[in-house]
Structures are given as C-alpha cells and as structure tokens.
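In my numbering, the protein residues as written are 681 to 974.
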C-alpha cells in the first residue's frame, strides 16, 4: 500500500506517524510497513491544506517537468546553479561531471514541516519563515482512547468537541461562548448541532432535529457528534466517553446558557418555563388562525 500525505476527507496535511487526521479524526491508513509518497510543498506558498501532490512529477521522467527538489524543500529549475532559497550549489563542477559525483543535496524526510509550508531543520526550535515553535507547542498525537484522556477534573465540553475547564467563558479551541451569548430581546433554543433557533421553532433550521424535546449527542475528540448511547465514533471509530455528552440548551434573553429543564434563569431570575409556555401557546394560536383563513 502507498499512503498519501493529505487527509482524504478534509485535505489537511498528515505525516507518516499519524494514524488519524489531527483535524477531522479520519483514519489515515498509515502503517509502519507502508511506502509513503512525500508531497513536495512549494516554499512561501504552502500547499499543506490543499489536495495538491507534486510527487508524481518529481519521481517521473517527464520531459516537461524541469524542476528538482533541494534539501531545503524548494523546487529549483534544473538549470539553477544555486538554490534560490538556501543557496546550496545545484550545478556540478566539471570534475564532478567527469567523476559522475552527485553533488546536489537531496531532500531529507527527517526535516520539520511547519504548518505555514516552510521546511526546517529538525534541530530548529522555531520556524525560519513564520517563527512558530516547532516542538514545544505541538499537540500530542491522539490515541484511540483520547476521548478518555481528560485534562480537567471538572470539565465542560464545547460543541466542537474541545474540553474546557469549568466556568470557562469561551471555548479555547473555537472561541464559542460557553456561559453567556450576550443580551437579546428573546429566548432561544440552542440545538446540539450548535445552531441557535427561535424558541417557537418545531425543528432545528440546521440539522432538522425536533426542538420540542431535549436532545443529546456524544461528541468525539474529532468533532463528530454521535447519537446518544453510541459506543464508538461513526467517523473515526474511537471509543466514546459518555462524559462528553452534549444536550440541548436554553439561551435566556440575558444571554445566559441554561439547562433544558430550567424553570428560572439563575442570572436574571426570569421565569423560563412560563415564558416558553406562553410563547408556544401564542404561536399555536397564530398557526390555527392562519389555517382557518387559508
């Protein structure tokens, strides 16, 4: 088997050590005995998140592809005497030609690939192009049981699947509010798909779920929302942690995020249950009147 180095689902850059895509959690199909096709990125452009593969051109004997890869990762014209990026000598001397010595530096798979598209020496601490830390800030590769590797004793989980510390105001991954959405003029229903709906809506405008009852899903670390009671993620097959269950919420007019069965808002004191009953009753009356005159 020959494995590519872009995720087949989301197109994100993946490496030979990744059994799962770090972005969407999709299985990469990588195994230690696989032959890996290395896709050459263009320096300063960064094709890391696009489904572009230069390896067939690099490895082929095509007459119309006049480029060679330098040890720094830059694609040079075969006639370049020196690499335009790192300055390495590309053209052999007359003596080298006579002795048939290979002097052009070859690319090393051990080099560090930064998210910006730059190729750095494995000894570099920071990326030479964007300055990002190459080692210390990297997230550990997720294992099959990463849903159970919780960072906090008392956690709250965002709709994106990120674990946050209790009483965090915003998700540290996607920035979505976790406690308060800000003041508004009405009460809303927050569906498990993270969509905000009118309180009188029967179904979610995004996913179509019924809003007349509390819904539950189990979110995986890959971001997939699985039906309540599932044991394994339907996208990446990881075992699911019941602690990461997300439920429908009520958003008060003061912006506070409340449990589905809350009677009063603990922030502003509003009678949530009675307000919803009145709004739904009025909405049903309006629907009935409209039906009569149709």
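No residue lacks a Cβ here, since even glycine has one placed at the ideal position from N, Cα and C.
Judged by DSSP secondary structure, residue 898 falls within the beta strand (DSSP E) whose first and last residues are 896 to 899. Residue 929 has its alpha-carbon roughly 25 angstroms from the corresponding atom of residue 965. From the listed residues 831, 881, 904, 864, the smallest Cα separation to residue 948 is found for 864. Excluding the 5 residues flanking it on each side, residue 921 has same chain C-beta neighbours closer than 6 angstroms at 827, 828, in chain order.
Only residues of its own chain outside the window of five on either side were considered, and among them 839 have a CB closer than 6 angstroms to the CB of residue 874, listed in chain order. Taking C-beta atoms as the reference points, residue 877 and residue 891 count as a pair closer than 7 angstroms. Note on residue 844: 16 or more other CB atoms within 10 angstroms of its CB, so buried under the neighbour-count rule.
As a beta-bridge residue in DSSP terms, residue 939 pairs with 929. Taken in chain order, the unbroken stretches of beta strand (DSSP E) that lie wholly in the stretch 822 to 888 and span 3 residues or more are 835 to 837, 843 to 845, 868 to 870, 876 to 878. By the CB criterion at 7 angstroms, residue 936 and residue 860 fall inside the cutoff. When the five nearest sequence neighbours on each side are left out, the beta carbons in the same chain lying within less than 6 angstroms of the beta carbon of residue 903 are those of 840, 841, in order along the chain. Taking 7 angstroms as the cut-off, the beta carbon of residue 924 is found closer than this to the beta carbon of residue 898.
The beta carbon of residue 911 lies closer than 8 angstroms to those of 919, 920 in the same chain, with the five residues before and after it left out. Residue 961 carries a helical assignment under DSSP once its states are collapsed to helix, strand and coil. Annotated three-state conformation of residue 950 is coil, per DSSP.
Residue pairing by DSSP places residue 905 opposite 899 in a beta bridge.
Contact between residue 705 and residue 900 holds, since their C-beta atoms are separated by about 6 angstroms, short of 8 angstroms. Buried is the label assigned to residue 700, since at least 16 other Cβ atoms lie within 10 Å of its Cβ. Burial state of residue 915 is buried, judged by a 10 Å Cβ sphere holding 16 or more other Cβ atoms. In this structure residue 908 touches residue 896 by the C-beta definition: roughly 4 angstroms separates them, less than 8 angstroms. In this model, residue 802 and residue 814 are separated by some 9 angstroms (Cα to Cα). Burial check for residue 931: the Cβ neighbour count within 10 Å reaches 16 or more, so the residue is buried. Shortest Cα-Cα distance from residue 917 to any of 825, 945, 807, 762 involves 825. In this structure, the CA atom of residue 868 is about 11 angstroms from the CA atom of residue 934. Taking 7 angstroms as the cut-off, the Cβ atoms of residue 872 and residue 963 do not count as close.
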